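What follows is one structure encoded as structure tokens, with my remarks underneath.
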Ligand SMILES: [Zn+2]
């Protein structure tokens, strides 16, 4: 199977430089869920160069900044699923930037700590949530505009 992060669809790319891309997540956990992805196909954190690690962190900061500018979230969850047992489904390392709003779920306390909870029922409702969390074309356009002519390098 072709790697979705090695050759992402043009319409999900918000930012790109020599080392990283910022993509709109296709199965958003919240409205505006973005991914910071090294351009090089690397599965494990240890395989990244220091320049790539640094670019990922700067990409995270850029993604949060542009989301703040456009969608005005109240907070963020940031995280990586490193390895299959941790839930990694695409074997191309990526960092999730998940914007959060006051009241967007009933029990926000604990945030990424819930990564280990067994929530099969929740997973059954994922498709519904992905649909609900997809950005409108107007929102994507605002984000795209915010990232224009920006360079981390
Ligand atoms: Zn890849």
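In UniProt numbering, the protein residues as written are 1 to 153. Just so you know, even glycine gets a beta-carbon here, dropped at the ideal spot from N, CA and C. Remember, predicted model here, so these are calculated numbers, not experimental data.
**Study point:** Spatially closest choice to residue 151 from 2, 10 and 16, by CA coordinates
**Key:** 16
Exercise for review: Please name the residue, chosen from 49, 31, 102 and 77, that lies closest to residue 70 on a Cα-to-Cα basis.
Suggested key: 31
Check your understanding: Smallest Cα separation from residue 6: which of 28, 62 and 93?
Key -> 93
Review point. Got a sec, what are the start and stop residues for the beta strand (DSSP E) residue 23 sits in?
Key: 20-24
Practice item. May I ask you to report which of helix, strand or coil DSSP gives residue 76? Key: strand
Check your understanding: Is there at least one non-hydrogen atom of ligand 1 closer than 6 Å to the beta-carbon of residue 107?
Key -> no
Review point. Residue ranges of each alpha helix (DSSP H) run of no fewer than 4 residues wholly in the segment 102-142, ordered along the chain?
Key: 120-124 and 126-133
Review point. Any heavy atom of ligand 1 within a distance shorter than 6 Å of the CB on residue 33?
Key: no
Review point. Whose CA, out of 21, 103, 88 and 145, lies closest to the CA of residue 34?
Key: 21
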